[in-house]
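Worksheet for the structure shown next.
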Amino acid sequence: AQKVTQAQTEISVVEKEDVTLDCVYETRDTTYYLFWYKQPPSGELVFLIRRNSFDEQNEISGRYSWNFQKSTSSFNFTITASQVVDSAVYFCALSEADTDKLIFGTGTRLQVFP
Amino acid sequence: ETGVTQTPRHLVMGMTNKKSLKCEQHLGHNAMYWYKQSAKKPLELMFVYNFKEQTENNSVPSRFSPECPNSSHLFLHLHTLQPEDSALYLCASSLPGQGGVAYGYTFGSGTRLTVV
C-alpha cells in the first residue's frame, strides 16, 4: 500500500532562518513519482516539484531545495532564508506508475514570523 | 489563474438545501478529481473521473453526487448535508490516462462549504 507521512504538523521560524520539511513515503512499486505542493491561505494547491523514482539527484530552485533519498524513502524539502510569504501548508504526495491517484501526506503548516 | 476554475468560492447551505459545486478546466486534461479537505485531516480523495467515466468512488456518502458531462466540466451535487460535511472541496485535473498523474495535478482554488 502507498502512504505518505509528514510527521511535522506545524513549524514556526523567524524570517531568514532555514527550515526543512520532512516527508517519508511507502510504496511497493519501483516506478513512482513524488511531489511537493504549497497551499497558501487562499486555498489552491500550487505545484512545486515532481521527482521520479529513478532520479535521485537533488534539486535546487532559488531558495528551495529537495533531498530525495531512496535508501530512507524520504523526500525532504528545505527552504533557505525563509520569508513571510513562505507561510503556508506544504503537502508531500506520491503516485505510483500504475494508478491514477495522488496520495497526500497530512501536510506541514509553516509559519514564518518577521 | 490556475487553469482549473471552481465556483462558487464560498457556499453556506442549510441541511435541507440542494446545491452544486462546479469545476471547469481547459487544459486538455481528461482526468478530473474531487477532494475534500477538512480541518486537521489529510486531503481525502472522493471521486475520480477518466474520460467522463467515474473510475473511483472512495466510499463517499450518497448525499454527494458527482457528474461529469464532458472532460472539461465536473460537478458535485449536494443534498441533505450534515454539519460535518463543512470543508474545503478541491477539484483537480491531470493529463489523460494513468500515466498522466505522473505529471501531478492542477488544482482549483476550492469551494469553502459551510453547512448550517
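Protein chains in written order, with our numbering: chain A, 2 to 115; chain B, 91 to 206.
Just so you know, even glycine gets a beta-carbon here, dropped at the ideal spot from N, CA and C.
The structure displayed is predicted, hence computed values, not measured ones.
At a C-beta separation below 7 Å, B/F197 has these neighbours in chain A: E45, L46.
Close CB contacts of B/S155 within its chain, under the 6 Å cut and outside five residues either way in sequence, are with H167 (chain order). Residue environment for B/K130: exposed (fewer than 16 other C-beta atoms within 10 angstroms of its C-beta). Within chain A, no C-beta atom comes nearer than 8 Å to that of B/L164; the closest sits roughly 15 Å away. For B/E174, the closest C-alpha among the options B/K126, B/F137, B/S161 is that of B/K126.
Following the DSSP letters along the chain, one finds A/N53 inside the beta strand (DSSP E) bounded by residues 47–53.
Sequence-distant partners of B/R202 (beyond 5 residues in either direction) whose C-beta falls short of 6 Å from its own C-beta, in its chain, are H100, L178.
Within its own chain, the residues whose Cβ lies closer than 7 Å to the Cβ of A/F76, once the five positions on either side in sequence are excluded, are C24, Y26, L35, R52, W67, F69, C93, listed in chain order.
In this structure, the beta-carbon distance from A/R64 to A/I50 does not fall below 7 Å. By the neighbour-count definition (other C-beta atoms within 10 Å, threshold 16), B/G104 is an exposed residue. Less than 7 Å separates the beta-carbon of B/G93 from that of B/L117. The alpha-carbon of B/N160 is positioned some 36 Å away from that of A/R110.
Rounded to whole angstroms, the gap between the alpha carbons of B/N147 and A/V47 is 25 Å. Chain A has a Cβ within less than 7 Å of the Cβ of B/P132. The three-state reading of DSSP puts A/Y33 in strand, counting E and B together. Looking at the backbone, the Cα of A/S96 and that of B/A182 are separated by about 15 Å. Within chain A, D101 have C-beta atoms less than 9 Å from the C-beta of B/N140, given in sequence order. If you check each beta-carbon in the segment 17–40 of chain A against every beta-carbon of chain B, the ones closer than 7 Å belong to Y34, F36.
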